[in-house]
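So the structure is just underneath, and the comments pick up after that.
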């Protein structure tokens with residue numbers, strides 16, 4: 046698990062080599078164990094087709110490889126500033142597989158024609174390595190080298206089809222003069238990129254791109270992104286808070302022709318729906334086997350592995366399956382002084398059942414209040430999921446004993462586990478979209494801070510909203526009329542579609558539950574859940590793995606009929622049946638609460654006269 050950065054000049058001869066280390070240093074928390082830099086003179090924008098490179102390491106890690114010069118040395122600096130380099134790749138490494146120098150990046154093949162800087166884990170790398178090792182001489186036991194030679198053997202499309210994991214990949218092919226940037230199917234690992242003043246830049250976190258362009262007045266706010274944040278509680282992909290800086294969409298790669306400057310975005314995978322007629326018995330056995338296989342694969346590491354254990358069904362399932370083949374497991378839980386939100390007793394049931402080494406901490410309001418300003422440091426742009434606070438604390442807590450943890454993230458999206466699915470169904474049944482007069486009255490009354498305002502807001506949600514408005518309200522977002530002052534302040538067009546992101550993935554031809562799962566998988570899961578976990582866990586140099594995001598599990602769960610997935614009209618019905626025999630019945634039958642802080646009792650954190658979105662924007666100075 047690592048962080049990657051880079052830059053490529055398209056119509057300018059050089060990149061600013063003074064910033065190559067600074068960019069990588071901004072994400073040093075993602076990789077405290079090693080740092081590597083590659084500066085390339087591609088020959089693409091020169092009269093003579095020549096190319097050469099400098100491969101460097103950080104002074105702090107100079108003893109990793111005696112032959113590799115350090116970027117801080119006088120000789121390296123003289124060389125860097127005496128040539129017109131037009132490509133830069135940087136890497137910060139958190140050593141998980143093959144902690145030796147053999148896993149150092151940027152990594153190349155023996156010819157030095159193909160270079161890779163990669164962030165992530167490929168869970169099927171051992172079986173892919175078996176396909177390749179008859180032809181290639183592997184120097185390490187890392188999955189990075191498998192990705193490298195997989196690209197050489199199969200090309201980018203077949204490589205991305207075959208690998209299964211979480212990743213952000215940058216590959217430079219000197220022979221083809223092509224640069225590739227790729228992101229995993231589910232969007233577990235982040236990847237930002239910019240196309241600014243003839244230069245492509247990319248990074249695992251926005252702060253590295255901010256560093257590259259600091260003091261240049263190049264990065265401009267995108268006020269539609271802030272406006273969207275009020276709706277979604279995150280800035281939706283592909284937007285960032287800056288114009289000309291984007292998030293690469295999950296299951297996509299960029300192909301940049303270095304010589305022609307041609308820029309192409311390719312979607313390499315698409316989720317397909319309802320292909321199988323498996324009955325409940327077939328489905329629950331297959332799900333059990335698939336999840337068990339995924340957990341076993343993700344236990345592979347050369348460093349200590351632990352588990353987040355919230356007490357929910359998803360994390361409990363992962364712990365239960367791992368315990369079948371492993372002993373002395375460390376599990377970690379965060380609870381709350383507010384007992385209505387505290388679930389640690391469920392976590393302790395599972396820990397007791399499987400005799401794990403369980404670690405627990407209780408979070409209070411004051412602790413969370415003191416962390417609110419950290420959102421800006423962690424996420425670089427507005428982010429509104431307050432469960433980031435307990436997630437940070439449990440990550441920091443787990444880091445004391447582990448470098449890798451397995452989580453239950455994604456289970457709700459692929460098996461249909463959110464309570465708002467039922468609430469959405471009920472609200473949809475009784476909506477009255479054509480009562481215009483009542484809408485006008487409600488719009489005026491709901492702004493009041495009294496009992497009339499409360500009643501008006503309830504009436505609106507219950508009877509007067511369309512599908513996307515209902516969903517927005519259930520997710521905690523602000524409706525179009527509630528953002529009017531910001532639309533005027535930021536000069537947002539009157540005809541701007543406030544719900545464009547939800548609309549893009551809201552497939553009315555699917556049954557209701559599958560429709561909402563599909564929507565959550567393509568929006569909320571990667572823009573909220575995975576973003577939340579990645580930033581705060583990597584802030585403490587902890588890798589979080591997500592066994593439910595194995596490609597086969599995702600595809601199978603969405604391909605079984607809704608009646609099987611939501612078996613007996615139970616949320617996560619098929620999952621409950623699949624794992625019923627290995628979990629406490631209290632965990633299976635409990636009501637879902639989620640992992641959020643109890644904002645209803647911690648009002649001082651946000652304030653009673655503002656939304657959390659507005660408070661966060663204020664902290665960002667917007």
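Residue numbers (this note's numbering): 46 to 667. We put the beta carbon where it would ideally sit given N, CA and C, even for glycine. Note that the structure is predicted; figures quoted are calculated from it, not measured.
Residue range of the beta strand (DSSP E) that includes residue i
i	result
residue 99	97 to 102
residue 165	159 to 167
residue 454	Premise fails: residue 454 is in no beta strand (DSSP E) and is neither H nor E.
residue 286	From DSSP, residue 286 is part of no beta strand (DSSP E); its letter is neither H nor E.
residue 376	375 to 381
residue 626	Counting along the chain, residue 626 falls outside any beta strand (DSSP E), and DSSP gives it neither H nor E.
residue 588	588 to 590
residue 248	244 to 248
residue 218	210 to 218
Rounded Cβ spacing between residue i and residue j (contact assumed at less than 8 Å)
i	j	result
residue 72	residue 336	Wrong, their Cβ atoms sit about 32 Å apart, outside the cutoff.
residue 438	residue 379	6 Å
residue 459	residue 603	7 Å
residue 457	residue 463	5 Å
residue 14	residue 205	Because the chain spans 46 through 667 in this model, residue 14 falls outside it and cannot be assessed.
residue 340	residue 451	7 Å
residue 280	residue 176	With 8 Å as the limit, residue 280 and residue 176 do not qualify as a contact, their Cβ atoms being about 39 Å apart.
residue 535	residue 268	4 Å
Cut-off 6 Å between Cβ atoms - residues of its own chain near residue i, not counting five sequence neighbours on either side
i	result
residue 113	102
residue 433	577, 581
residue 525	543
residue 138	47, 76, 78, 79
residue 323	605
residue 610	461, 619
residue 116	66, 82, 101
residue 573	279, 430
Buried versus exposed call for residue i [16 or more other C-beta atoms within 10 Å across all chains shown]
i	result
residue 277	buried
residue 666	exposed
residue 655	exposed
residue 123	exposed
residue 342	buried
residue 87	buried
residue 512	buried
residue 349	exposed
residue 548	exposed
residue 326	exposed
Close Cβ partners of residue i (< 8 Å) along its chain, the five nearest in sequence each way excluded
i	result
residue 211	165, 166, 229, 231, 233, 234, 590, 591, 594
residue 556	607
residue 312	294, 296, 297
residue 600	316, 317
residue 500	490
residue 333	623, 624
Residue j beta carbon less than 9 Å from that of residue i
i	j	result
residue 568	residue 546	yes
residue 405	residue 375	no
residue 570	residue 551	no
residue 189	residue 161	yes
residue 266	residue 237	no
residue 258	residue 264	yes
residue 664	residue 418	yes
residue 351	residue 446	yes
residue 395	residue 365	yes
residue 307	residue 239	no
residue 74	residue 584	yes
residue 270	residue 256	no
residue 218	residue 262	no
residue 224	residue 208	no
residue 275	residue 659	yes
Other residues of its chain near residue i: CB distance less than 7 Å, five sequence neighbours each side excluded
i	result
residue 635	391
residue 253	50, 68, 71, 72
residue 170	188, 191
residue 615	621
residue 631	391, 394
residue 519	465, 468, 469
Boundaries of the alpha helix (DSSP H) in which residue i is found, first to last residue
i	result
residue 62	Counting along the chain, residue 62 falls outside any alpha helix (DSSP H), and DSSP gives it neither H nor E.
residue 119	119 to 126
residue 228	Residue 228 -> not in any alpha helix (DSSP H); beta strand (DSSP E) instead, spanning 223 to 228.
residue 173	170 to 177
residue 537	Element bounds for residue 537: n/a, residue is neither H nor E.
residue 367	358 to 368
residue 668	The structure shown does not extend to residue 668, since the chain is modelled only from 46 to 667, so the question has no answer here.
residue 463	First-last for residue 463: undefined, no H or E at that position.
residue 441	433 to 444
Short CB-CB distance (under 9 Å) between residue i and chain D
i	result
residue 403	Among the protein chains of the structure shown there is no chain D, as only one such chain exists.
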